[in-house]
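Numbering (the numbering used here), first residue to last: 23 to 112.
For every residue, glycine included, the Cβ atom is placed at its ideal position computed from N, Cα and C.
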């Protein structure tokens, strides 16, 4: 590797606020906030909204999607069940 062209890699804590989980890993991110880790050392912390600890794909939880409500809302917005003229001729 050529010296002077690569970003500095340092230990950083990534904290998932949704799941309340934190990971200590190496990163080139340079957050300004710090946190005291389990080993007693202070590391920069980067707060994330979602990680493998809270993502539905990794946790196995699924979100319920109200498809019936979406169809009813579409019918109310764009018309009832009357066929258009093109369909009436066929």
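Per DSSP, the bridge partner or partners of residue i
{"i": "residue 69", "result": "37"}
{"i": "residue 54", "result": "Beta-bridge pairing links residue 54 to no other residue."}
{"i": "residue 32", "result": "49"}
Coil, strand or helix - residue i by DSSP
{"i": "residue 48", "result": "strand"}
Buried or exposed (CB count within 10 angstroms, at least 16 for buried), residue i
{"i": "residue 43", "result": "exposed"}
{"i": "residue 35", "result": "buried"}
8 Å contact criterion, which residue i and residue j should meet: CB distance rounded
{"i": "residue 66", "j": "residue 50", "result": "11 Å between Cβ atoms; not a contact."}
{"i": "residue 38", "j": "residue 75", "result": "5 Å"}
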